[in-house]
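Single-structure report; data block below.
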Amino acid sequence: LASAFGGGLGRAGCICGALTGSELVLSLLAGRENQAEKPDRIYQLSSEFHNRFKEHFGATCCRVLNKEDYQSQEHFRRCLKITGGAAQLLAQFILSHDLLDGLPLPQ
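Take the sequence shown: its position 32, counting from 1, is numbered 1046 in my numbering, and each next residue is one higher.
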């Protein structure tokens, strides 16, 4: 589902795949369930998370966040730090907005 997110969407270098993946998770948790619903809530959450990501990492584009050669170990290491940090940021965001409330969770 998210294979193309790497390298700023298919190595295009723009929006970070960790940010895109985070927004996908937010959409799954709080997005519209049908076309009749207004998207206001998910748009607000998405915008807020985008801004937090940018504030935390300093940018949202892969090529800005990770200037190392895409095939290098340095790029891989930096990417791991970014994706791990994004996952932590997303978990905190989800919890702070009670986005798991009412969801069936495994016992």
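Backbone N, C-alpha and C define an ideal beta-carbon position, used for all residues, glycine too.
Since the structure is predicted, the reported quantities are computational estimates derived from the model, not experimental observations.
So residue i is in the alpha helix (DSSP H); what residue range does that whole segment cover?
{"i": "Ala1105", "result": "Gln1087 to Ser1110"}
{"i": "Tyr1084", "result": "No alpha helix (DSSP H) contains Tyr1084, which DSSP labels as neither H nor E."}
{"i": "Thr1034", "result": "Gly1031 to Ala1044"}
{"i": "Gln1049", "result": "From DSSP, Gln1049 is part of no alpha helix (DSSP H); its letter is neither H nor E."}
By a C-beta neighbour count over all protein chains shown, 10 Å radius and 16 as the cutoff for buried, is residue i buried or exposed?
{"i": "Ala1100", "result": "buried"}
{"i": "Glu1037", "result": "buried"}
{"i": "Leu1109", "result": "exposed"}
{"i": "Ala1073", "result": "exposed"}
{"i": "Leu1104", "result": "buried"}
Give me the Cα-Cα distance between residue i and residue j, rounded to the nearest whole angstrom.
{"i": "Lys1081", "j": "His1089", "result": "7 Å"}
{"i": "Gly1116", "j": "Arg1066", "result": "25 Å"}
{"i": "Glu1051", "j": "His1111", "result": "20 Å"}
{"i": "Phe1107", "j": "Thr1034", "result": "15 Å"}
{"i": "Cys1093", "j": "Gln1085", "result": "11 Å"}
{"i": "Ala1032", "j": "Leu1079", "result": "11 Å"}
Cβ atoms of residue j and residue i: under 8 Å apart, would you say?
{"i": "Leu1040", "j": "Ser1060", "result": "yes"}
{"i": "Cys1028", "j": "Ile1096", "result": "no"}
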